[in-house]
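Residue numbers (the numbering used here): 40 to 190.
One structure is given below, encoded as structure tokens.
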Ligand code: ZN
């Protein structure tokens with residue numbers, strides 16, 4: 040997929056996140072950590088999260104791979120800050136629906152924020168996995184955290 044195929048505004052947001060990934064650091068002693076890759080594209084992402092009173096207060100995001108996977112991971116790192124794990128799960132579902140081309144309810148669209156910049160990716164089915172990689176990794180981490188903590 041060529042980034043040129045995307046709407047100009049969205050392309051600028053994606054390029055900005057590629058060049059300046061948000062929360063691009065490694066957290067020591069995180070409450071939750073997870074990593075994974077997308078072998079079809081060679082994308083890799085690792086995440087660490089610190090929680091306080093059930094909310095995400097610190098995020099460490101590292102990765103390499105294509106611009107869609109890295110921009111999507113960085114945008115995700117930006118939007119999940121301050122959110123509860125439940126809210127993150129809801130956002131993941133909304134974003135997955137967006138990628139599947141499912142019509143969103145107005146209150147769902149309102150919650151997307153910068154995630155909307157990735158909406159053009161759904162026209163390129165092979166790259167949807169790239170856009171969803173960070174979210175899948177985060178959800179794996181949340182599942183493991185919840186089972187380790189008896190929730
Ligand atoms: Zn990729």
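For glycine and all other residues, C-beta sits at the position ideal for the given N, C-alpha and C.
DSSP, reduced to helix, strand and coil, places residue 82 within a strand of the structure shown. One alpha carbon belongs to residue 189, the other to residue 183, and they sit about 10 Å apart. Scanning its chain for C-beta atoms nearer than 6 Å, with the 5 sequence neighbours on each side dropped, one finds around residue 152 the residues 118, in chain order. Bounds of any beta strand (DSSP E) do not take in residue 159, whose DSSP letter is neither H nor E. Shown in chain order are the residues whose CB sits closer than 6 Å to a heavy atom of the ligand ZN: 77, 80, 82, 104, 105, 107, 108, 169. With contact defined as three or more Cβ pairs closer than 8 Å, the region 107-118 and the region 51-61 are in contact. Residue 186 and residue 121 have their C-alpha atoms roughly 22 Å apart. Comparing alpha carbon positions, the residue from 178, 47, 181, 173 closest to residue 100 is 173. In its chain, beyond the 5 residues on either side, 87, 88, 89 have a beta carbon closer than 6 Å to the beta carbon of residue 69. The residue from 124, 158, 76, 80 with its alpha-carbon nearest to that of residue 97 is 124. Contact between residue 135 and residue 171 holds, with the beta-carbon distance rounding to 7 Å and staying under 8 Å.
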